Amino acid sequence: MNKKTRTMARRPTQRKKKAGMSDDSDLSFHSAEQNTPLLQADHSASIATEEDVAPCLDDGPEKLSLSAYQEETSGDGASSTVDKEAPSNDDEDGSANADADGEQRQPKSYRLFHRVGSSFLIPLTDQRGSLSSIALGLFCLALVGTVLGLVMPKESSLPTPVWRTISSIVGYTYFICWSISFYPQVILNYKRKSTAGLSNDFSVLNVAGFACYATYTCCFYWSKEIKEEYQQRNGDDSEITVQSNDVAFAVHALMLCAVQVGQIVFYGGLRAQPLSKVVKLGLILSAVLIATYAALIIFKIEPGHRLLWLDFLYLLSFVKVAISVTKYIPQVILNVRRKSTVGWNIWNIILDFTGGVLSILQLIGDSADISDWSGITGNPAKFALGFVSIIFDIIFFFQHYVLYPEDAHESSHSEALIDNYDTESLI
Numbered sequence: 102m103n104k105k106t107r108t109m110a111r112r113p114t115q116r117k118k119k120a121g122m123s124d125d126s127d128l129s130f131h132s133a134e135q136n137t138p139l140l141q142a143d144h145s146a147s148i149a150t151e152e153d154v155a156p157c158l159d160d161g162p163e164k165l166s167l168s169a170y171q172e173e174t175s176g177d178g179a180s181s182t183v184d185k186e187a188p189s190n191d192d193e194d195g196s197a198n199a200d201a202d203g204e205q206r207q208p209k210s211y212r213l214f215h216r217v218g219s220s221f222l223i224p225l226t227d228q229r230g231s232l233s234s235i236a237l238g239l240f241c242l243a244l245v246g247t248v249l250g251l252v253m254p255k256e257s258s259l260p261t262p263v264w265r266t267i268s269s270i271v272g273y274t275y276f277i278c279w280s281i282s283f284y285p286q287v288i289l290n291y292k293r294k295s296t297a298g299l300s301n302d303f304s305v306l307n308v309a310g311f312a313c314y315a316t317y318t319c320c321f322y323w324s325k326e327i328k329e330e331y332q333q334r335n336g337d338d339s340e341i342t343v344q345s346n347d348v349a350f351a352v353h354a355l356m357l358c359a360v361q362v363g364q365i366v367f368y369g370g371l372r373a374q375p376l377s378k379v380v381k382l383g384l385i386l387s388a389v390l391i392a393t394y395a396a397l398i399i400f401k402i403e404p405g406h407r408l409l410w411l412d413f414l415y416l417l418s419f420v421k422v423a424i425s426v427t428k429y430i431p432q433v434i435l436n437v438r439r440k441s442t443v444g445w446n447i448w449n450i451i452l453d454f455t456g457g458v459l460s461i462l463q464l465i466g467d468s469a470d471i472s473d474w475s476g477i478t479g480n481p482a483k484f485a486l487g488f489v490s491i492i493f494d495i496i497f498f499f500q501h502y503v504l505y506p507e508d509a510h511e512s513s514h515s516e517a518l519i520d521n522y523d524t525e526s527l528i
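Position in the sequence shown (first residue = 1) + 101 = the working numbering.
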């Protein structure tokens, strides 16, 4: 045995202090030293000195035994053996139990507040769309809509006080549903750092459609000239049924749709999935039609009869309805070609469906309360928009829960399939 090696064996206490090893590691060290055949070989090639071993012993979690170190440095081509400290299951179980105990030690009021808060966030955080999560999420949204409907100003044109309150509750509830419906997709895109699974044609058409709808609702709600033209055409007793929540929804939806398009550009979605030629042509023709109609009114060019700004708003409403019909088609086709709805958030559809149903109920109820059904014929955008949304929402439900239920829940495998999908032109 080498002199330096014998010196190392006589000084276990110093070695322990230097390397931070326990008594058990000392025993294994001596055992490795006595049993290693390499100690009987050439000292210059196979015996580790105290200066060589000490740095390895100080390496923290990767602790080398003397025999392992000698095998590593012997140069015989054999692979070295490194004994690493792996975290034990007992430690993980202990930390999990500690977290559970810590949660149990929280006050009941804290746990209740946490559960209630989680329930209200279900539409934004849930990706599965199970029956229980849908029921709880919509119930929480209905509570928020009820509170807003009770405290916010009511529509003074409605004669019946009870229906005035109900209409306000229904209106704010569908406003919340429709408004929040844009957030789940934005959050999903951000989490995945990708817009694969979301049709670019659908998103761009959404921006164009809500630009028309926001202009339509704002003018009907604030413009005195539009209100006068409306009463001249439908009678002095006729009332415009566009309410403040309609305006708030339209402007808010336009901003969120613009955010989605921004995500598509930022994550390279337009390069992977360019807009289809049909969508480009439709947007160009719509822009030309709107600009031409506005120019005729501004320059007072009357082709046979007088053109009113009221008719211009009706034109915007019909463009919005036309876009609402066509914008869903690319997404339906994309889901069929991929045979999956992953990347297309189901809560977007759930909330859109709920908002569409409540919107129609409010419109019919308001018209019946004031005994004036021109609220439907005079507000065709709101009425048609609700029915179009409901029809396509049912199609998306069928795709998500019936046709492609196995791919409805996001997984790493389905993510890989989507990210590698060849997004060709859909139309």
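Even glycine gets a Cβ: it sits at the ideal position worked out from N, Cα and C. In this text the structure is predicted, and so the values were computed from the model without any measurement.
Measuring only between beta-carbons, confirm whether residue i sits less than 7 Å from chain B.
| i | result |
| --- | --- |
| Leu-504 | Although the question refers to chain B, the structure presented lacks it and comprises just one protein chain. |
State the Cα-Cα distance for the pair residue i and residue j, rounded to the nearest angstrom.
| i | j | result |
| --- | --- | --- |
| Glu-529 | Phe-497 | As shown, the chain starts at 102 and ends at 528. That puts residue 529 outside it, with no answer to give. |
| Tyr-275 | Cys-319 | 18 Å |
| Leu-357 | Phe-283 | 6 Å |
| Leu-464 | Phe-484 | 7 Å |
| Gly-444 | Val-271 | 30 Å |
| Ser-258 | Ser-472 | 12 Å |
| Val-217 | Tyr-314 | 35 Å |
| Gly-238 | Leu-390 | 42 Å |
| Ser-458 | Arg-439 | Checking the sequence shown, residue 458 turns out to be Val, not Ser. For Val-458 and Arg-439, the distance between alpha carbons rounds to 29 Å. |
| Ser-345 | Asp-470 | 18 Å |
| Thr-296 | Ala-236 | 28 Å |
| Ser-280 | Tyr-273 | 10 Å |
| Leu-289 | Arg-407 | 49 Å |
| Tyr-394 | Ile-385 | 14 Å |
| Ile-495 | Phe-454 | 8 Å |
| Leu-299 | Thr-247 | 33 Å |
| Lys-328 | Asp-337 | 10 Å |
| Ala-312 | Lys-428 | 14 Å |
| Leu-371 | Gly-250 | 41 Å |
Comparing alpha-carbon positions, which option in the options lies nearest residue i?
| i | options | result |
| --- | --- | --- |
| Val-245 | Leu-222, Thr-226, Phe-367 and Gln-228 | Leu-222 |
| Gly-310 | Ala-423, Arg-438 and Asn-446 | Ala-423 |
| Val-360 | Ile-391, Val-305 and Thr-316 | Val-305 |
| Phe-413 | Ala-396, Val-426, Thr-427 and Leu-504 | Ala-396 |
| Val-348 | Ser-258, Gly-383, Asn-290 and Ile-277 | Ile-277 |
| Asn-594 | Ser-345, Val-352 and Gln-344 | Residue 594 lies beyond the residue range present for the chain, which begins at 102 and ends at 528; the question has no answer from this structure. |
| Val-433 | Ile-492, Glu-330, Phe-419 and Ser-219 | Ile-492 |
| Arg-229 | Thr-442, Thr-296, Lys-255 and Lys-378 | Thr-442 |
| Ala-373 | Ser-220, Asn-301 and His-406 | Asn-301 |
| Gly-383 | Ser-425, Val-217 and Tyr-317 | Ser-425 |
| Gly-466 | Gln-333, Ala-312 and Ser-268 | Ser-268 |
| Arg-334 | Tyr-273, Thr-342 and Leu-409 | Leu-409 |
| Thr-478 | Ser-234, Tyr-331 and Pro-262 | Tyr-331 |
| Asp-227 | Thr-261, Lys-292, Trp-264 and Val-503 | Lys-292 |
Using a threshold of 7 Å, state whether the C-beta atoms of residue i and residue j are closer than that.
| i | j | result |
| --- | --- | --- |
| Ile-447 | His-501 | yes |
| Ser-475 | Ser-339 | yes |
| Phe-303 | Pro-224 | no |
| Leu-417 | Thr-316 | yes |
| Cys-241 | Ser-220 | yes |
| Asn-449 | Pro-285 | yes |
| Val-420 | Ser-387 | yes |
| Val-343 | Tyr-368 | no |
Helix, strand or coil, according to DSSP, for residue i in the structure here?
| i | result |
| --- | --- |
| His-501 | helix |
| Ala-382 | With the sequence shown as reference, residue 382 is identified as Leu, and Ala is not the correct amino acid for it. Helix. |
| Ile-528 | Confidence is the limiting factor: at Ile-528 the pLDDT is only 40, short of 50, which leaves the residue's position unreliable and the question unanswerable from this model. |
| Trp-448 | helix |
| Ser-257 | coil |
| Gly-230 | coil |
| Ser-166 | Unreliable positioning characterises Ser-166 in this predicted model, as indicated by a pLDDT of 47, which lies under 50. A coordinate reading is not provided. |
| Arg-407 | coil |
| Phe-321 | helix |
| Asp-338 | coil |
| Asp-467 | helix |
| Ser-48 | Not covered by the structure: residue 48. The range shown for the chain is 102 to 528. |
| Thr-442 | coil |
| Gln-364 | helix |
| Lys-209 | helix |
| Ser-377 | coil |
| Ile-391 | helix |
Identify the continuous alpha helix (DSSP H) that holds residue i and give its terminal residues.
| i | result |
| --- | --- |
| Lys-325 | 325 to 335 |
| Phe-276 | 262 to 281 |
| Gln-432 | 410 to 439 |
| Val-287 | 284 to 293 |
| Ala-297 | Per DSSP, Ala-297 belongs to no alpha helix (DSSP H) and is neither H nor E. |
| Arg-372 | 370 to 373 |
| Pro-224 | 223 to 226 |
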